[in-house]
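Counted the way UniProt numbering counts, the sequence shown spans residues 1 to 242.
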Amino acid sequence: MSSNQIVKNTGLLYVRMIIMLIIAFFTSRMLLKELGINDFGIYNVVGGVVAMFASLRGAFASSIQRFLNYAKGSNDLLKLQRIFSMGVNIHIVICFIFLVIGETVGLWFLNHKLIIPHDRLASANWVYQFSIAASLVTIMTIPYDAVIIANQKMGIYVYVSLLDACLKLGIIFLLPLATMDKLILYSVLILSVSFFIRLITTVVCYRKFRECKYFFFWDKTLFRQLGSFAGWNFLEMLPFPQ
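This is the structure in structure tokens:
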């Protein structure tokens, strides 16, 4: 990759970071105003799982990206497609584990341990279910992020990320028009944005990158390697006390 491309990619990522920080600042203030203190707090606690997986997308994507970059040196298309397929399989496993934990331990914790006003408990449960669905969609988008990053098409990554942030900001402008529970409506619209972003990312990847072709393939060694790398990246992201 040329030095000009490196500079361009770095510049795009910095622009993305600055714009997303600005959008996040206005999103938080406007959402607090529209939902109110109680519902804003409920969404941040119950629906915060979506934000968690969104922030960890890069950490998980980097594991698949590293293996794709290494395989590109051999110019073996089938090998690249196998790595991508295994990446998808791993994230299907992650989705299954997350769903089981979320619908058992997480649901119990929500209803028995969190202090939520009784009249908002039903809404909190709806938000929780929509948040789990949005998180599953986000997890399944990670292998496609890895393909984009591995091919150094940071422009696509930046534009899709900014579209995601802008759509979520746009949702808040619709809330004043709502006649139903704004907390539930906001969660439904966030899930819709997740589906839309997943659709765009998938279509772009399948059209532009030949390695982005899924077929059922299982390799224990590759599974351990990819899973181990993703696990260590995940641990690095955790806020352990110093």
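Where a beta carbon is used, it is the ideal one built from N, C-alpha and C, also for glycine. Keep in mind that this is a model prediction, so the values were computed, not measured.
key: Alpha-carbon to alpha-carbon, residue 155 and residue 243   = Here the chain comprises residues numbered 1 to 242, so residue 243 is not present and cannot be evaluated.
Inter-residue spacing [alpha-carbon to alpha-carbon] between residue 43 and residue 79 = 42 Å
message = Judging by CA-CA distance, which residue of 157, 163, 190 and 162 is the nearest neighbour of residue 172?
response = 190
task = Throw me the rounded Cβ distance for the residue 140 and residue 91 pair, which I believe falls under 8 Å.
result = 6 Å
message = Assuming the contact rule is C-beta atoms closer than 8 Å, residue 84 and residue 143 should be a hit. Round their C-beta distance to whole Å, please.
response = The C-beta distance from residue 84 to residue 143 rounds to 6 Å, short enough to fall under 8 Å.
ask   = Which residues mark the beginning and the end of the alpha helix (DSSP H) in which residue 129 is found?
value = 121-150
query = Hey, residue 64 and residue 87 are a contact pair by Cβ (cut 8 Å); roughly how many whole angstroms apart?
reply = 4 Å
Three-state secondary structure (DSSP) of residue 211 = coil
request  = Find out if the Cβ-Cβ distance for the pair residue 66, residue 161 is shorter than 9 Å.
outcome  = It is not a contact, given that the beta carbons lie outside the stated cut-off.
Three-way DSSP call (helix, strand, coil) for residue 108 in this model = helix
key: For residue 114, three-class secondary structure by DSSP   = coil
message = Could you give the first and the last residue of the continuous alpha helix (DSSP H) run that contains residue 154?
response = 154-174
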